[in-house]
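Peer 1: The sequence shown begins at 0 in numbering that gives the first Met the number 0 and counts up one residue at a time. Ideal Cβ positions, reconstructed from N, Cα and C, are used throughout, including at glycine. Here the structure is a predicted model, which is why all the values come from computation and not from measurement.
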Amino acid sequence: MLRPLGPSLPPAVEGLGVTQKLARFQIQASWPELVGTRLAPYCAPQKLQGRMLWIRVRAPVWSQEIMLLQDSILNAIHKRFPRLRVEQLRCQVGVVVPTFTEAPVSVPEDLAAIELPRSVEYRLERLAEGVEDPDLRASFLRALRQKERRDVWLRSQGAMPCQLCGVLQDRRLCIGCRQERDRERRRKLFQLIGRQPWISFAEARSHLKALRQGDFHTARHQLRSIFLLSYYQQRDVLQTGEVLPPPLRNLMLQICMLTTQTPWDQLLDRHIYFSLGKTWGNAYLEDKAPPPFDKSKRKKKDPEAGARANVRPDDPGLS
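1) Three or more C-beta pairs under 8 Å: does that hold for the segment 40-56 against the segment 81-90?
2) Would you report the Cα separation of Thr36 and Arg186, rounded to the nearest angstrom?
3) Cβ-heavy atom distance between Glu285 and the ligand MG below 7 Å?
4) Which class does Trp279 belong to by DSSP, given the choice of helix, strand or coil?
5) By Cβ distance below 6 Å, which residues in the same chain neighbour Cys164 in space, the five residues on each side in sequence not counted?
6) At what residues does the beta strand (DSSP E) containing Cys42 begin and finish?
7) Should Ser274 go down as buried or exposed, given a rule of 16 or more other Cβ atoms within 10 Å for buried?
8) Report yes or no: do the segment 148-156 and the segment 106-120 share at least 3 C-beta pairs separated by less than 8 Å?
9) Does the segment 191-198 touch the segment 242-259, meaning 3 or more C-beta pairs lie closer than 8 Å?
10) How should Gln63 be labelled, buried or exposed, when 16 other C-beta atoms within 10 angstroms of its C-beta is the threshold for buried?
11) Helix, strand or coil: which one does DSSP assign to Arg37?
12) What are the start and end residues of the beta strand (DSSP E) that includes Arg154?
13) My guess is that Ala282 and Leu243 are in contact by the Cβ rule of under 8 Å, so how many angstroms apart are they, rounded?
14) Put Arg55 into one of helix, strand or coil per three-state DSSP.
15) Looking only at C-alpha atoms, which of Gln27, Glu131, Leu115, Val130 sits nearest to Arg144?
16) Under 8 Å Cβ to Cβ from Glu241, same chain only, skipping five residues before and after it: list those, please.
17) State yes or no: is the C-beta of Ile271 within less than 8 Å of the C-beta of Leu250?
18) Our contact map puts Phe189 next to Leu222 with C-beta atoms below 8 Å; I'd like the distance itself, whole angstroms only.
19) Would you tell me roughly how many angstroms separate the C-alpha atoms of Gln167 and Asp268, rounded to the nearest one?
20) Could you spell out where the beta strand (DSSP E) holding Gln221 opens and where it closes?
21) How should Gln253 be labelled, buried or exposed, when 16 other C-beta atoms within 10 angstroms of its C-beta is the threshold for buried?
22) Short check: CB of Leu33 to CB of Ile65, under 8 Å?
23) On the CB-based measure, 16 or more other CB atoms within 10 Å of its CB, does Ile174 come out buried or exposed?
24) What is the rounded straight-line gap between the Cα of Gly316 and the Cα of Gln45?
25) Within 10 Å of its beta-carbon, does Trp263 have 16 or more other beta-carbons around it, so buried, or fewer, so exposed?
26) What did DSSP end up calling Val166 once you bin it into helix, strand or coil?
27) Between which residues of its own chain and Ala203 is the CB-CB distance below 8 Å, once the five residues before and five after are set aside?
28) Which first and last residues belong to the alpha helix (DSSP H) in which Cys255 is found?
29) Apart from the five residues on each side of it in sequence, which residues of its chain come closer than 6 Å, Cβ to Cβ, to Arg57?
30) From Leu237 to Leu207, what does the alpha carbon distance come to, in whole angstroms?
31) In this structure, how does DSSP classify Gln91 when only helix, strand and coil are distinguished?
32) Rounded to whole angstroms, what's the CA-CA distance from Arg122 to Arg219? Just pull it up for me.
This is the structure:
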């Protein structure tokens with residue numbers, strides 16, 4: 000015999016031990032109905048401890064508001080959920096995640112009802128005169144009129160033409176022109192750092208207005224990575240004692256200036272060692288390729304040295 004599912008749900012929920020959690024979700028689903036649409040965006044139920052409901056609020060002022068309305072909120076909870084025994088509210092300031100609200104359905108604008116000025120109609124007809132096929136000319140003219148009606152509607156909604164390309168949108172520059180502006184600024188920044196690898200952010204900002212420090216350092220690191228890749232490829236083909244080619248020496252000089260932000264006439268030995276390492280720093284100063292690295296000469300670690308370093312002064316083993 001089939002029985003309704005509703006009466007068997009409460010015992011099943013109690014057996015799983017999720018009664019409190021389920022009650023909190025039930026309250027959260029009906030929260031705007033319980034506290035009102037004015038308070039709901041600024042608070043949310045957090046957890047249910049026994050007969051106390053914890054509420055997270057955005058600011059202390061909303062905590063005071065909830066305490067003033069505590070009796071009415073508790074009555075609303077008792078009417079909506081008779082099985083719940085909530086007797087007290089507590090508030091905690093924190094981040095309130097807005098609950099999902101269904102957006103109102105917007106009625107699409109009827110662009111066909113927009114009448115175009117006679118001057119616009121004349122201009123569109125002149126544009127379509129070059130199309131010989133009648134059907135194609137009618138389709139072309141219909142598309143032109145639709146675009147003009149859309150532009151008229153966008154202007155009525157506050158859209159403005161882009162200062163560079165003239166496309167109607169809601170900002171001074173459209174997204175395409177902003178991206179092109181950023182690419183052009185980035186290209187100029189790379190050229191500036193390539194000509195003056197030692198340049199600082201303050202000096203670069205005097206050449207490029209509205210330059211951000213993060214973009215400047217990112218460009219420096221990317222340019223240095225490109226130089227290092229070419230440097231590794233060129234040095235790996237050299238023989239021991241071979242004179243460094245001028246392009247490689249120039250590349251090593253660029254890396255030193257870019258790494259230390261020091262002009263070429265102010266570079267010291269320590270700048271070169273810091274940028275290229277000891278082996279290739281000596282190779283640059285002596286103008287000859289070093290011998291290949293011998294792994295057998297690498298100093299081996301003493302395992303007992305680490306053990307001795309970890310022994311405490313009061314260790315009985317020291318006595």
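Peer 2: With the given structure in hand:
1) yes
2) 52 Å
3) Judged by which ligands are present, the structure shown has none, so any question about the ligand MG falls away.
4) helix
5) Cys176
6) 42-48
7) buried
8) yes
9) yes
10) exposed
11) coil
12) Note, Arg154: premise wrong, no beta strand (DSSP E); alpha helix (DSSP H) at 133-155.
13) 7 Å
14) strand
15) Leu115
16) Lys287, Ala288
17) no
18) 6 Å
19) Here residue 167 is Leu; the residue named in the question, Gln, does not match the sequence. Distance between the alpha carbons of Leu167 and Asp268 is about 58 Å.
20) Segment 212-234 is the alpha helix (DSSP H) holding Gln221; no beta strand (DSSP E) there.
21) buried
22) no
23) exposed
24) In this prediction, Gly316 scores a pLDDT of 42, lower than 50, which makes its location untrustworthy; no coordinate-derived value is stated.
25) exposed
26) coil
27) Leu188, Leu191, Ile192, Leu210, Phe215
28) 245-259
29) Tyr41, Val95
30) 40 Å
31) strand
32) 52 Å
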